[in-house]
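Undergrad:
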Amino acid sequence: MDRSDIINKEALLKLSKEELAEELAGFLEGLPYHQQKKWVAAHLPQYPQEQSSQVEGVELLGEIKDFCERSRSGEFVSWDDYDHYYGWDDSGDSEEFEEWIELFTDLMKSVMKLTLGGQHREAVEGYRLLFGILKKAGETTDILGNQGAPEDFIELNFAQAIKSYAVSLLQIEENLGLDAAIQEILSVAKDYRYCGGFTGLAEALDPEGRKRLKEILTGIVEEELGLEKRSCPHEVEGLIAIAAAEKNDLEILSLKEKFASRNAVYLREVIAHYQEEKDWQAVARWARKGIEHFGYDGEYARALIEALDTLGDKLAAQEAHIAYFLKYPAAGEFSSLKQRSQSLSNWSGVFERLLASSTKESTGWPGRAGLRTRLLLAEGREKEALEEFHAGKGGKDLEEIKLIAKYAVARLSEGMDLTGYKKLLKHRERLKEEQSSLYDWLRIILKNPQDLRQENYARLAASSYQMLVDEHLQSGKPSRATPAAHYCAIVVEISRLMSCPDLWTNLLAHLKEAYHRKRLIWQNLRAEGIGVTP
């Protein structure tokens, strides 16, 4: 039905401004709170709020209690209970989530106004209720569904909110004392330490209060360290916040250095500090600590290499580069290491070390798969690489087979018109554009001259894709037939391009012999446009 059949513009124009305003206001009042705010922001002029606007504490507490009750009752649950096992209801999960976030945020901002207005008793009750329901929402799924930590979505200065909470709590006459106030806020500050929770608490306290907070946090930290845990106590963040509130940069640095071996963030910040200070001895020392405690993270390794280079210790920098490459053998690092070693006139020896290390057990990082083959091809030792590949030296890895297959396709199709060869053309496009470990290595490898004739590369590609077909069809995975059929289609195109029909007929004969009862592969082959039967 056309909208004009229901909404008559001419009839609307006959209404007075007052009538239209009344009708529109009534309509908007029926919308959820977050939709009302969106409409107002989009259509009405924004006037600056008066700072002196008074918030009625008792009335606000009533709204907060009502909001908390609605939250606990399930009103804001953002998934369908009937189908909760499979996730939330996609038809409207964001509506409940946005509504809860907007209501919570505005209620918290109103409570903060109570603090500014001196209504501390009502403010404290409001903070307790709202931080309580926020913790509940973050720890369970009965309020907001599986949306993640709600504080990540709330546009609220948590440091300021917790500071206001502490200010009001300290002002209540019946307060049991400084320690009781600190302990109450401390649990909230710890929950939201990544949102500035400790910062808010530290800034709310006077020097005497910060001194007492420091004593409490230090005691907790020492107790945690006594348990011989490897993790960094959360309360260290509080000690850093105290030092920041007192503008004590040396204390901040000292704390981060003390706990750097337990907290990678602190360690990175310590390294960054010394890099800015251009203290390269310190950078090297802390980078080595990072490698010792957290492994060859790229940031630590690069910091160490940079420091050693700047200090003029080129051989030590090279050793650090070799160790980093062997841990994370990326193509770019190979080129960089080769250039460095050539400048030191020792590339031949370094390369042999890389080859020797490449045969060791894989670290589990995908880039190490088939590393020896990549190294030999990148160095232009194609014959040796292919002989080892065919001999199965050290066993064949799926990534290594892919590399050989794609390498062979790139070689056989060099300079050829691939119009009408959809899959081979796609391969060429990916070789130019795709940023991945495999294609990065291929781009380096293909800079070397080719040794074989194109027909030999075609047969190498066909045999490699047959290996990939077998790997997938024998994997037992539900999707095993889809990639297998895709590889078969590539062989079909290679067979046509090179006028070598036996490349495909040999693979087809293999499929019929080994997989004639595998219904899925034959269905997927037909889906690829290959009209064959078992």
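Counting in the numbering used here, the sequence shown runs without a single skipped number right up to 537 at its last residue. Here a beta-carbon is modelled for each residue, glycine too, at the ideal position from N, C-alpha and C.
Round the Cβ separation of Leu-63 and Gly-121 to the nearest angstrom and send it over; I've been treating them as touching at under 8 Å.
TA: The Cβ separation is near 14 Å, so there is no contact.
Undergrad: CB-CB under 8 Å to Asn-160, same chain, minus the five flanking residues each way: which ones, in chain order?
TA: Correct list, in chain order: Gly-199.
Undergrad: Count the other CB atoms within 10 Å of the CB of Asp-300; is the residue buried (16 or more) or exposed (fewer)?
TA: Asp-300 is buried by the Cβ-count criterion.
Undergrad: If contact is defined by three or more beta carbon pairs under 8 Å, each pair taking one atom from either stretch, is the stretch 270-279 in contact with the stretch 232-250?
TA: In short, these stretches do not touch, since the Cβ pair count stays below three.
Undergrad: Let me know the secondary structure DSSP gives Ser-339 once reduced to three states.
TA: Of the three classes helix, strand and coil, the one that applies to Ser-339 here is helix, per DSSP.
Undergrad: Among the residues of its own chain, which have a CB less than 7 Å from the CB of Tyr-460, if the five just before and after it don't count?
TA: So the qualifying residues of the chain are Ala-411, Arg-414, Leu-415.
Undergrad: Leaving out five residues before and five after Gln-54 in sequence, what residues of the same chain have Cβ atoms less than 7 Å from its Cβ?
TA: Residue placement at Gln-54 cannot be trusted, given a pLDDT of 48 that sits under 50; what the coordinates show is reported in the next sentence. Cβ within range, chain order: n/a, list empty.
Undergrad: How long is the line joining the alpha carbons of Trp-2 and Gln-342, rounded to whole angstroms?
TA: Residue 2 cannot be examined here, being either before or after the span of the chain that is shown, 4 to 537.
Undergrad: Report the three-state DSSP secondary structure of Glu-158 (helix, strand or coil).
TA: The answer is coil: DSSP assigns Glu-158 none of H, G, I, E or B.
Undergrad: Can you have a look at Asn-612 and say buried or exposed, based on whether 16 or more other CB atoms are within 10 angstroms of its CB?
TA: Since the displayed the chain opens at 4 and closes at 537, residue 612 lies outside it and no answer follows.
Undergrad: At which residues does the alpha helix (DSSP H) containing Arg-522 begin and terminate?
TA: Residues 522-530.
Undergrad: Between Leu-132 and Glu-154, is the Cβ-Cβ spacing less than 8 Å?
TA: The answer is no: Cβ separation not under 8 Å.
Undergrad: Do Lys-238 and Leu-258 have their C-beta atoms closer together than 8 Å?
TA: The sequence as given places Glu at residue 238; Lys does not occur at that position. For Glu-238 and Leu-258, no; Cβs fall outside 8 Å.
Undergrad: According to DSSP, simplified to helix, strand and coil, what is Tyr-518?
TA: Correct three-state label for Tyr-518: helix.
Undergrad: Using 10 angstroms around the beta-carbon of Ala-530, count the other beta-carbons present and answer buried if the total reaches 16, otherwise exposed.
TA: So Ala-530 counts as exposed.
Undergrad: Which word fits Asp-505, buried or exposed, when buried means at least 16 other C-beta atoms lie within 10 angstroms of its C-beta?
TA: Under this definition Asp-505 is an exposed residue.
Undergrad: Could you tell me whether the stretch 303-318 touches the stretch 275-291, using the rule of 3 or more Cβ pairs below 8 Å?
TA: These segments touch.
Undergrad: State the Cα-Cα distance for the pair Ser-19 and Glu-25, rounded to the nearest angstrom.
TA: Distance between the alpha carbons of Ser-19 and Glu-25 is about 10 Å.
Undergrad: Would you tell me roughly how many angstroms separate the C-alpha atoms of Glu-218 and Arg-377, rounded to the nearest one?
TA: Near 57 Å, if we compare the C-alpha coordinates of Arg-377 and Glu-218.
Undergrad: Keeping to the same chain, check which residues put their C-beta closer than 7 Å to that of Glu-227; ignore five residues upstream and five downstream.
TA: The answer, listed in chain order, is Pro-236.
Undergrad: In chain order, what residues of the same chain have a beta carbon less than 8 Å from the beta carbon of Arg-356, not counting five sequence neighbours either side?
TA: Result list for Arg-356: Ile-325, in chain order.
Undergrad: Taking buried to mean at least 16 other C-beta atoms within 10 Å of its own C-beta, is Gln-469 buried or exposed?
TA: By the 10 Å Cβ count, Gln-469 comes out buried.
Undergrad: Go ahead and pull the three-state DSSP assignment for Asp-92.
TA: Bear in mind that the predicted position of Asp-92 carries a pLDDT of just 44, short of 50, making it too unreliable to give a figure here.
Undergrad: Could you name the residues of the same chain whose beta carbon sits closer than 8 Å to that of Leu-427, not counting the 5 residues immediately before and after it, in chain order?
TA: Val-412, Ser-416, Leu-421, Ile-493, Glu-496, Ile-497, Leu-500, listed in sequence order.
Undergrad: Residue ranges of each alpha helix (DSSP H) run of no fewer than 4 residues wholly in the stretch 207-261, ordered along the chain?
TA: Listed in chain order, they are 210-229, 238-248, 252-261.
Undergrad: Looking at the unbroken alpha helix (DSSP H) that takes in Pro-486, where does it start and where does it end?
TA: 484-500 is the extent of the alpha helix (DSSP H) around Pro-486.
Undergrad: Answer with buried or exposed for Thr-362, where buried requires no fewer than 16 other C-beta atoms within 10 angstroms of its C-beta.
TA: The residue in question, Thr-362, is exposed, as its Cβ has fewer than 16 Cβ neighbours within 10 Å.
Undergrad: Report the option in Glu-474, Gln-321, Tyr-331 whose CA atom is closest to the CA atom of Asn-349.
TA: Ranking Glu-474, Gln-321, Tyr-331 by Cα distance to Asn-349 puts Gln-321 first.
Undergrad: Under a three-way DSSP split, which group does Ser-439 fall into?
TA: In the structure shown, Ser-439 sits in coil (DSSP, three-state: anything other than H, G, I, E or B).
Undergrad: Considering Cα atoms alone, identify which of Lys-166, Lys-232, Phe-79 is closest to Glu-105.
TA: Ranking the options by Cα distance to Glu-105, first place goes to Phe-79.
Undergrad: Identify whether Glu-72 lies in helix, strand or coil by the three-state DSSP scheme.
TA: It is helical.
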